[in-house]
Amino acid sequence: MFDIITIGSNTVDVFAKSDSELIEIKGMGVSEELLAYPVGSKILIKKLEFMTGGSGTNTSVCFSRLNFKTGYLGKIGKDENGLRIFKLLKDEKVDFLGVLGNISGYSIILDSIKEDRTILTYKGCNDNLDFKEIKLDKLKTKWFYFGSMLGKSFETLKRLAEYSKNSGIKVAFNPSSYLATKGFSYLKIILQNTDVLILNKEEAELIVGKGSIKDLIARLKLPSMLLVVITDGSRGAFCYDGIFLYNIRPLKNRKIVETTGAGDAFASTFISGLLIGKKITDCLRMASINAESVIANYGAKNILLSKTQLLKRLEKDKRKVSKQKV
């Protein structure tokens, strides 16, 4: 029996640091910041690092490092990058429960400017996981963690969401902007079978329209959901349990090198807190601590904390979590 099985993408991530400029395009009431490179020129890369990424492997490694028996369900390519991903799972003691595909996913992460990043992503075989390929007898678990999947893999997520309710498996769902842009109706089957929904404010607004945190939570929380968690950058993270709204603020002096994987670290660590019976206040603290560890370094999972490290930092973490009745 697994404690949790993650279902999501796997990639090899290449972090490329070069000279680029940030430009701002302003229109009627809107503005957009863009990375700019000279046309027709050869751009020198100052630093190049190869790591693994993807919501499925990022979160499975997080759960495993926190001492949970963890499985990963996804599609990995039969290529050199696939071998790198397999090695990661083996080294991190994560059981692979998926199937093999053709070409692995691949991402290029461009310079971190103003504490953010731009990612070029090739999905590869990640979006081709067919429900018929899955051996359901291997999916004996307490929790499913759903990351972002598109195409055929999204249809598989819907089938697994329905399967979870018939099997007594709890579901955590962390959609990305890819899925959020599809809207509420597209995600309805998964949302109706979700116990804990975790997403950022931008994704929440893509699903149910713009509004305050209280507005968004009211629209997102379905009767089946235990908790809705929304992260909102410098305003921190909010959690709603149907009665109370909790809010934790980020550390003022936190170090930010690169933000890739921070959302995965936050979401999976929050669920980890629930798995060991922590109160919502401590779940928010744990999630913030691990996410802050990730953003202080390059790579989505290099500095994910062990259970011992996390609980030691939790003891020292004195930040307040506000709580108000809604």
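Numbering (the working numbering), first residue to last: 467 to 792. Quick reminder that beta carbons are idealized off the backbone N, C-alpha and C, glycines included.
Under a three-way DSSP split, which group does residue i fall into?
| i | result |
| --- | --- |
| residue 503 | coil |
| residue 439 | Given a span of 467 to 792 for the chain in the structure shown, any question on residue 439 remains unanswerable. |
| residue 674 | helix |
| residue 634 | coil |
| residue 647 | coil |
| residue 443 | Residue coverage of the chain in this structure runs from 467 to 792, which leaves residue 443 outside it and unanswerable. |
| residue 543 | strand |
| residue 603 | helix |
| residue 616 | coil |
| residue 702 | coil |
| residue 534 | coil |
Comparing alpha-carbon positions, which option in the options lies nearest residue i?
| i | options | result |
| --- | --- | --- |
| residue 600 | 647, 753, 559, 625 | 625 |
| residue 585 | 483, 753, 694 | 483 |
| residue 769 | 756, 655, 693 | 756 |
| residue 788 | 745, 738, 714 | 714 |
| residue 791 | 659, 741, 674, 680 | 680 |
| residue 734 | 531, 512, 468, 467 | 531 |
| residue 661 | 741, 591, 505, 549 | 741 |
| residue 644 | 471, 673, 631 | 673 |
| residue 649 | 621, 675, 508 | 675 |
| residue 523 | 479, 656, 620, 617 | 479 |
| residue 569 | 780, 559, 562, 593 | 593 |
Could you pull out every residue in the same chain whose Cβ sits closer than 7 Å to the Cβ of residue i, ignoring the five residues on either side in sequence?
| i | result |
| --- | --- |
| residue 641 | 614, 653, 665, 669 |
Leaving out the 5 sequence neighbours to the left and right, which residues in its chain are closer than 8 Å to residue i when beta-carbon positions are compared?
| i | result |
| --- | --- |
| residue 782 | none |
Let me confirm a value: residue i is counted as buried when at least 16 other C-beta atoms fall within 10 Å, else exposed. Which label applies?
| i | result |
| --- | --- |
| residue 751 | buried |
| residue 667 | buried |
| residue 659 | buried |
| residue 603 | exposed |
| residue 589 | buried |
| residue 549 | exposed |
| residue 505 | exposed |
| residue 509 | exposed |
Enumerate in chain order the residues of its own chain whose CB-to-CB distance from residue i is below 6 Å, with the five nearest sequence positions on each side excluded.
| i | result |
| --- | --- |
| residue 612 | 473, 623, 639 |
| residue 554 | 518 |
| residue 786 | none |
| residue 587 | 573 |
Is there contact between the region 607–623 and the region 522–541, where contact requires at least three CB pairs shorter than 8 Å? A contact exists between the region 607–623 and the region 522–541.
Assess, as a yes-or-no matter, whether the region 701–709 is touched by the region 620–637 under the definition of 3 or more beta carbon pairs within less than 8 Å. Verdict: no, contact absent.
contact_flag[the region 541–550, the region 500–507] where n(CB pairs < 8 Å) is 3 or more: Contact between the region 541–550 and the region 500–507 is absent, because fewer than three Cβ pairs lie under 8 Å.
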